[in-house]
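Here is the structure we will look at.
Structure, rendered in structure tokens:
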């Protein structure tokens, strides 16, 4: 019904008078505690804990392909892009997670529940792990590309009543971007106009010398850097990359391999990207070493520029011992010792919704807090831990589960808790067996800016002594996608020497400005530094994937199986 402004004003005045009278009449009756509501959408309110905090936005995605051209002296091989890669998932819009007002069901799935092993109280082994390059069957990583509409700027409101959120976390980072295109370096901003500059007034001859080689990220055995596009009177056709005076790779504009073209369009390069290219074993990078890099541009007539000024980049070096948390304060303490999830902290869905299938995954994530949850519950509480349990989908639930053959669960602090910088740790007994992927990661939910993701642990159940860590972000190059071009570190593999699914272990990350350090059982396993480290608010996600392109399909008779989580905690420097 339409109301004139005068009528609206009158009604507001009457409502105020009635409310005042009601408060006076009831002034001796006390007050009730607020009730936490999960009726938030990704376009509305971000709850970060007690206290009003200025928030930030952003999201992330990951993907991969097993096609690997050789990285060696000369040019890349003519390798086709895997069209089944999750790179092809586009235009995934966030879904509204509107809950019922009633208490969510705690019934267990219509399958036999797994035997519950009580968590051990013994201190996990602290044998220092070794690290190495991943196997050749590399991951198509576990999160979708998400070209969603730009959401409204979220507002962070207090979230009272949750014993898990101890103090208001900081969501304000250093924000080194400093300009509208979200690129923290001049070289990346320059490449937005294209991988080269055509200047018809330029005299005939070789292209200009590439300039401004800039470090983006440095790991123990790889480095990513960028440079400003060269100028030519016609066109630049390729860039040659030199390490210590030796040609290690040629980036060509007409190469059909997706990761080569991504390097081309963004005038950037990862040396040595052993996840996407072969040949690094023959020409490796040593942890803690430094190398001198140069770039040359080649035009359409085959004329080559002089080499750029040499720039020396230092590789990261893993340190012994655990994290230094001096001055840090516990801001999130979730022990999972109750009988249900704390809805003031956790959601049971991902932003793109349960019906969106990514990476060929075979599970349906049951959203207990949705408006119409299916009649299954993958979350089993033992009294001391949370078991996210994968089961075979009962025939009567297949339609409701989008015909996915398995049911599983995800927990996320999206809209509930986010933080910028800090230390995050999960103690868990990971899921063993073929076709199971236990994942724990930090994720930026709002699909803006650089969309970072820190994979704290990805564990493939039939690789019992191996753990994987990866970092992802998007640049601001909009030539192909409104999201920009995605950049991922090589998928770093940590060889532990013992079965990570046989007992409880801690998996953690220290995230500081320009630095990410990964730990298992308090031992540092990987280190990454550089200007491209996230400075944006992130939330916390844990999930059990059942079947995918990367991990294969489980034997149905092996289910149910669980990811058993003792606790998830977060600290921030105060």
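Numbering (this note's numbering), first residue to last: 5 to 578.
A virtual CB, placed ideally from N, CA and C, is assigned to each residue, including glycine.
Delimiting residues of the alpha helix (DSSP H) encompassing residue i
{"i": "residue 267", "result": "262-270"}
Classification of residue i by the beta-carbon crowding that lies within 10 angstroms, buried from 16 upward
{"i": "residue 553", "result": "buried"}
{"i": "residue 576", "result": "buried"}
{"i": "residue 574", "result": "buried"}
{"i": "residue 258", "result": "exposed"}
{"i": "residue 426", "result": "buried"}
{"i": "residue 166", "result": "buried"}
{"i": "residue 149", "result": "Caution is warranted here: a pLDDT of 36 is assigned to residue 149, below 50, making its placement in the model unreliable, and the coordinate value is therefore given only provisionally. With 16 or more Cβ atoms within 10 Å of its Cβ, residue 149 is classed as buried."}
{"i": "residue 204", "result": "exposed"}
{"i": "residue 347", "result": "buried"}
{"i": "residue 408", "result": "buried"}
{"i": "residue 482", "result": "exposed"}
{"i": "residue 560", "result": "exposed"}
{"i": "residue 539", "result": "buried"}
{"i": "residue 365", "result": "buried"}
{"i": "residue 250", "result": "exposed"}
{"i": "residue 455", "result": "buried"}
{"i": "residue 393", "result": "buried"}
{"i": "residue 188", "result": "buried"}
{"i": "residue 293", "result": "exposed"}
{"i": "residue 387", "result": "exposed"}
{"i": "residue 285", "result": "exposed"}
{"i": "residue 443", "result": "buried"}
{"i": "residue 199", "result": "buried"}
{"i": "residue 506", "result": "exposed"}
{"i": "residue 380", "result": "buried"}
{"i": "residue 499", "result": "exposed"}
{"i": "residue 202", "result": "exposed"}
Coarse secondary structure for residue i, derived from DSSP in three states
{"i": "residue 191", "result": "helix"}
{"i": "residue 26", "result": "Confidence is the limiting factor: at residue 26 the pLDDT is only 38, short of 50, which leaves the residue's position unreliable, though a coordinate-based value still follows. It is helical."}
{"i": "residue 563", "result": "coil"}
{"i": "residue 402", "result": "coil"}
{"i": "residue 331", "result": "coil"}
{"i": "residue 569", "result": "strand"}
{"i": "residue 512", "result": "strand"}
{"i": "residue 340", "result": "coil"}
{"i": "residue 391", "result": "strand"}
{"i": "residue 558", "result": "coil"}
{"i": "residue 273", "result": "strand"}
{"i": "residue 595", "result": "Residue numbering for the chain in the displayed model covers 5 to 578; residue 595 lies beyond these limits and cannot be assessed."}
{"i": "residue 202", "result": "strand"}
{"i": "residue 237", "result": "coil"}
{"i": "residue 256", "result": "strand"}
{"i": "residue 420", "result": "coil"}
{"i": "residue 208", "result": "coil"}
{"i": "residue 372", "result": "coil"}
{"i": "residue 578", "result": "coil"}
{"i": "residue 250", "result": "strand"}
{"i": "residue 378", "result": "coil"}
{"i": "residue 412", "result": "strand"}
Rounded distance between the beta-carbons of residue j and residue i, thought under 8 Å
{"i": "residue 410", "j": "residue 556", "result": "Going by Cβ atoms, the distance from residue 410 to residue 556 rounds to 13 Å, so no, they are not a contact pair."}
{"i": "residue 385", "j": "residue 337", "result": "Wrong, their Cβ atoms sit about 17 Å apart, outside the cutoff."}
{"i": "residue 171", "j": "residue 333", "result": "6 Å"}
{"i": "residue 273", "j": "residue 245", "result": "5 Å"}
{"i": "residue 319", "j": "residue 534", "result": "11 Å between Cβ atoms; not a contact."}
{"i": "residue 445", "j": "residue 458", "result": "6 Å"}
{"i": "residue 423", "j": "residue 511", "result": "Their Cβ separation, rounded to whole angstroms, is 17 Å, which puts residue 423 and residue 511 out of contact at 8 Å."}
{"i": "residue 327", "j": "residue 521", "result": "7 Å"}
{"i": "residue 311", "j": "residue 298", "result": "4 Å"}
{"i": "residue 218", "j": "residue 235", "result": "So it is not a contact: roughly 18 Å between Cβ atoms."}
{"i": "residue 197", "j": "residue 237", "result": "Going by Cβ atoms, the distance from residue 197 to residue 237 rounds to 17 Å, so no, they are not a contact pair."}
{"i": "residue 465", "j": "residue 501", "result": "In fact, because the Cβ distance is near 17 Å, the residues do not count as touching under 8 Å."}
Limits of the beta strand (DSSP E) - the one that residue i falls within
{"i": "residue 349", "result": "Careful: residue 349 lies outside any beta strand (DSSP E) and carries neither H nor E."}
{"i": "residue 359", "result": "No beta strand (DSSP E) holds residue 359; DSSP gives it neither H nor E."}
{"i": "residue 247", "result": "240-247"}
{"i": "residue 169", "result": "Neither: residue 169 is in no beta strand (DSSP E) and is coded neither H nor E."}
{"i": "residue 231", "result": "227-232"}
{"i": "residue 527", "result": "527-533"}
{"i": "residue 522", "result": "519-524"}
{"i": "residue 426", "result": "426-433"}
{"i": "residue 407", "result": "No beta strand (DSSP E) holds residue 407; DSSP gives it neither H nor E."}
{"i": "residue 216", "result": "215-222"}
{"i": "residue 546", "result": "543-550"}
{"i": "residue 281", "result": "Taken as a continuous stretch (DSSP letters only), residue 281 belongs to no beta strand (DSSP E), as it is neither H nor E."}
Start-end ranges of the beta strand (DSSP E) lying completely within the stretch 436-509, minimum 3 residues = 440-447, 457-464, 470-478, 490-492 and 496-499
Runs of beta strand (DSSP E) wholly within the stretch 289-322 (minimum 3 residues, chain order) = 294-303 and 315-318
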